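Chemist: The letter at position 34 of the sequence shown is residue 42 when you use this note's numbering, and the numbering goes up by one with no holes. This is the structure, below, for whatever I ask next.
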Amino acid sequence: MKVAVLYGGISSERPVSLSSGNAIISALMEAGHDVTPVDVGADIATTISALRQAAPDVVFNALHGPMGEDGAIQGVLEWLKLPYTHSGIRASAVAMDKGATRTLLAAAGLPIANGRVIAVSELLHADPLPAPYVIKPIAEGSSVGVEIIRPADNRRAEIAQTWRFGDEALVESFIPGRELTTAVLGDRSLAVTDILPADTTKFYDFDAKYSIGGSRHVIPAELPDAVTQRALDLALKAHRALDCQGASRTDFRYDDETDQLIILEVNTQPGMTPTSLLPEQAAYCGISYPELCDWLVRDALTH
Numbered sequence: 009m010k011v012a013v014l015y016g017g018i019s020s021e022r023p024v025s026l027s028s029g030n031a032i033i034s035a036l037m038e039a040g041h042d043v044t045p046v047d048v049g050a051d052i053a054t055t056i057s058a059l060r061q062a063a064p065d066v067v068f069n070a071l072h073g074p075m076g077e078d079g080a081i082q083g084v085l086e087w088l089k090l091p092y093t094h095s096g097i098r099a100s101a102v103a104m105d106k107g108a109t110r111t112l113l114a115a116a117g118l119p120i121a122n123g124r125v126i127a128v129s130e131l132l133h134a135d136p137l138p139a140p141y142v143i144k145p146i147a148e149g150s151s152v153g154v155e156i157i158r159p160a161d162n163r164r165a166e167i168a169q170t171w172r173f174g175d176e177a178l179v180e181s182f183i184p185g186r187e188l189t190t191a192v193l194g195d196r197s198l199a200v201t202d203i204l205p206a207d208t209t210k211f212y213d214f215d216a217k218y219s220i221g222g223s224r225h226v227i228p229a230e231l232p233d234a235v236t237q238r239a240l241d242l243a244l245k246a247h248r249a250l251d252c253q254g255a256s257r258t259d260f261r262y263d264d265e266t267d268q269l270i271i272l273e274v275n276t277q278p279g280m281t282p283t284s285l286l287p288e289q290a291a292y293c294g295i296s297y298p299e300l301c302d303w304l305v306r307d308a309l310t311h
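Here's what the structure looks like:
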């Protein structure tokens, strides 16, 4: 097929998208497709022109972050009547908005942390939740901007004053324990990965996610069978609750002491870099990287 790969973009995750896109381009060529790379920049008219010139059968969306996985580019592709990989406008917009995601997950009876969306100005005056708690941008991915406030931490006001992610933030109770993730492909949960940052004093932040050696991934996670099955089931339920398509990845925190398994977020554009979790889980299930990319473009034609 003729496949256009959208990568790059204008979000803070542009470097991640470029890495994902380059790997996808090579894999799709290896799978026998006629590939047109489209590096997406600030001028959407240029992107539209490139897509019209390429006249692809399908578009592989390898963009990350705002304007790439929040429904914006999906709307452009719908307007152009081009089939594209991953989730549609509504699921993309909801999953990118952490507050909206919480609402839908809670309505589906799925486990989420105690928390709420606040005006950032609230942080200037008092703790919105008992410490420890987490402050998250509403619409960023890859742990960009995430801060953990621990007891006796005096950074709250400074974070509010230097916040650059809009007027609102999500605050949630900090869940101790392990960072787990489960990818979903179509109607199938793949596996559960235990993510261990190389620096155990930090959480699974941007550097741990994308730096070589930044984290160690244990797949399958060493968990009781019942917990593994619970994570697999919850990931598929979250995928369906948000009406995701193609691939998604649900991130969890698991507290061994309390047996508490909490959904942190649902990612509709899982990373496809050499250190990314979806390709690792697919490989564990016997799906090679080119096969994964090929499946995604073929799946896009069924929506």
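The beta carbon of each residue, even a glycine, is placed where N, CA and C say it ideally should be. These numbers come from a predicted model, not from an experiment.
Give a yes or no on whether the C-beta atoms belonging to aspartate 78 and serine 95 are separated by under 7 Å.
Modeler: Residue 78 sits at position 70 when you count from the first residue of the sequence shown. Residue 95 sits at position 87 when you count from the first residue of the sequence shown. Going by C-beta atoms, aspartate 78 is not nearer than 7 Å to serine 95.
Chemist: Taking 7 Å as the limit between beta carbons, can you name the residues of its chain near arginine 158, skipping five residues before and five after?
Modeler: Within the sequence shown, the letter at position 150 stands for residue 158. For arginine 158, where only same-chain residues beyond five positions count, the Cβ hits under 7 Å are Ala139 and Pro140.
Chemist: Do serine 296 and alanine 243 have their C-beta atoms within less than 7 Å of each other?
Modeler: As a position in the sequence shown, residue 296 is number 288, starting the count at 1. As a position in the sequence shown, residue 243 is number 235, starting the count at 1. Cβ distance not < 7 Å, so serine 296 and alanine 243 don't count as in contact.
Chemist: Can alanine 70 and isoleucine 32 be called in contact, C-beta distance under 7 Å?
Modeler: Residue numbering aside, residue 70 sits at position 62 when the sequence shown is read from its first letter. Residue numbering aside, residue 32 sits at position 24 when the sequence shown is read from its first letter. The answer is yes: Cβ separation under 7 Å.
Chemist: Can you tell me the Cα-Cα spacing of aspartate 175 and alanine 127, whole angstroms?
Modeler: As a first step, residue 175 is located in the sequence shown; it is residue number 167 there, counting from the start. As a first step, residue 127 is located in the sequence shown; it is residue number 119 there, counting from the start. The alpha-carbon atoms of aspartate 175 and alanine 127 are separated by roughly 6 Å.
Chemist: I'd like to know whether the C-beta atoms of aspartate 202 and alanine 229 end up nearer to each other than 7 Å.
Modeler: In the sequence shown, the residue the question calls residue 202 occupies position 194. In the sequence shown, the residue the question calls residue 229 occupies position 221. Yes.
Chemist: At 4 residues or longer, what runs of the alpha helix (DSSP H) sit wholly inside the stretch 117-189?
Modeler: 164-170, all fully within the stretch 117-189.
Chemist: Hey, how far is the Cα of valine 274 from the Cα of glutamine 61?
Modeler: Working through the sequence shown from its first residue, we reach residue 274 at position 266. Working through the sequence shown from its first residue, we reach residue 61 at position 53. Taking the straight line joining both Cα atoms gives about 34 Å.
Chemist: Which class does glycine 17 belong to by DSSP, given the choice of helix, strand or coil?
Modeler: Sequence index remark: in the sequence shown, residue 17 carries index 9 (1-based). Coil, per DSSP.
Chemist: Straight-line CA distance for proline 23 to leucine 118?
Modeler: Walking along the sequence shown from the start, residue 23 turns up at place 15. Walking along the sequence shown from the start, residue 118 turns up at place 110. Computed Cα separation, rounded: 33 Å.
Chemist: Would you mind working out which of Ala249, Ala12, Arg124 and Gly17 sits nearest alanine 115, comparing C-alpha positions?
Modeler: Taking the sequence shown and counting its residues from 1, one reaches residue 115 at position 107. Alanine 115 has its Cα closest to that of Ala249, out of Ala249, Ala12, Arg124 and Gly17.
Chemist: Indicate the three-state DSSP secondary structure (helix, strand or coil) for aspartate 302 in the structure shown.
Modeler: Taking the sequence shown and counting its residues from 1, the one referred to as residue 302 is at position 294. Helix at aspartate 302.
Chemist: Starting from the Cα of phenylalanine 68, find the closest Cα among Asn30, Arg98 and Ile52 and give me that residue.
Modeler: For the purposes of this step, residue 68 is identified with residue 60 of the sequence shown, where counting begins at 1. The candidate whose alpha carbon is nearest that of phenylalanine 68 is Asn30.
Chemist: Would glycine 17 and serine 28 be called neighbours here (beta carbons separated by less than 7 Å)?
Modeler: Along the sequence shown, one-based indexing puts residue 17 at 9. Along the sequence shown, one-based indexing puts residue 28 at 20. For glycine 17 and serine 28, no; Cβs fall outside 7 Å.
Chemist: With contact counted as at least three CB pairs below 8 Å, one residue from each stretch, are the stretch 286-296 and the stretch 130-137 in contact?
Modeler: Short answer: they don't touch.
Chemist: Per DSSP, what kind of secondary structure is alanine 12 in: helix, strand or coil?
Modeler: Numbered from 1 along the sequence shown, position 4 holds the residue referred to as residue 12. Strand at alanine 12.
Chemist: By DSSP, does proline 287 sit in helix, in strand, or in coil?
Modeler: As a working mapping, residue 287 is identified with position 279 in the sequence shown. Helix.
Chemist: For the alpha helix (DSSP H) that contains glutamate 230, what are its first and last residues?
Modeler: To locate residue 230, count along the sequence shown from 1; it is residue 222. Note, glutamate 230: premise wrong, no alpha helix (DSSP H); not H, not E.
Chemist: Grab me the residues of serine 302's own chain with a C-beta within less than 6 Å of its C-beta, minus the 5 sequence neighbours each way, in chain order.
Modeler: Locating residue 302 in the sequence shown gives position 294, where the first residue counts as 1. A small correction: the amino acid at residue 302 is aspartate; serine does not occupy that position in the sequence shown. Contacts found: Ala39.
Chemist: Taking glutamine 169 as the reference, give the member of Glu130, Leu204, Gly194 and Ala206 with the closest Cα.
Modeler: Walking along the sequence shown from the start, residue 169 turns up at place 161. For the residues Glu130, Leu204, Gly194 and Ala206, the minimum Cα distance to glutamine 169 belongs to Glu130.
Chemist: Do serine 256 and valine 152 have their C-beta atoms within less than 7 Å of each other?
Modeler: Position 248 of the sequence shown holds residue 256. Position 144 of the sequence shown holds residue 152. No, they are not a contact pair.
Chemist: Since glutamine 268 is in the beta strand (DSSP E), which residue starts that stretch and which ends it?
Modeler: Within the sequence shown, the letter at position 260 stands for residue 268. Note, glutamine 268: beta strand (DSSP E), 268-275.
Chemist: Is it right to say proline 232 is buried, meaning 16 or more other beta carbons lie within 10 angstroms of its own, or is it exposed?
Modeler: Start at 1 with the first residue of the sequence shown, and residue 232 comes out as number 224. So proline 232 ends up on the exposed side.
Chemist: What's the gap between the Cα of tyrosine 15 and the Cα of glycine 279?
Modeler: Within the sequence shown, the letter at position 7 stands for residue 15. Within the sequence shown, the letter at position 271 stands for residue 279. Looking at the two C-alpha atoms, the distance is approximately 12 Å.
Chemist: In angstroms with no decimal places, state the Cα-to-Cα distance between phenylalanine 260 and leucine 188.
Modeler: Here residue 260 refers to the residue found at position 252 of the sequence shown. Here residue 188 refers to the residue found at position 180 of the sequence shown. One C-alpha to the other measures close to 5 Å.
Chemist: Thinking just about the alpha-carbon of each residue, which of Gly83, Gln82 and Gly185 is nearest to the one in aspartate 314?
Modeler: In the structure as shown, the chain begins at 9 and stops at 311. Residue 314 is therefore absent and cannot be evaluated.
Chemist: Please check the pair glutamate 180 and alanine 108, which I expect to be a contact at CB under 8 Å, by giving their CB distance rounded to whole angstroms.
Modeler: The residue given as residue 180 occupies position 172 in the sequence shown. The residue given as residue 108 occupies position 100 in the sequence shown. No, glutamate 180 and alanine 108 are not in contact; Cβ-Cβ is about 14 Å, not under 8 Å.
Chemist: Which same chain residues end up closer than 6 Å to valine 125 when comparing Cβ atoms and leaving out the 5 residues on each side of it in sequence?
Modeler: Position 117 of the sequence shown holds residue 125. If we look at valine 125 and ignore the five residues flanking it on each side, its Cβ neighbours are Gly107, Glu176 and Leu178.
Chemist: With leucine 198 as the anchor, note down where its beta strand (DSSP E) starts and where it stops.
Modeler: Reading the sequence shown from its first residue, position 190 is the one you call residue 198. Segment 196-205, the beta strand (DSSP E) holding leucine 198.
Chemist: Can you tell me where the beta strand (DSSP E) with threonine 93 in it begins and where it stops?
Modeler: Along the sequence shown, one-based indexing puts residue 93 at 85. Taken as a continuous stretch (DSSP letters only), threonine 93 belongs to no beta strand (DSSP E), as it is neither H nor E.
Chemist: What did DSSP end up calling alanine 6 once you bin it into helix, strand or coil?
Modeler: Residue 6 is absent from the model: the chain starts at 9 and stops at 311.
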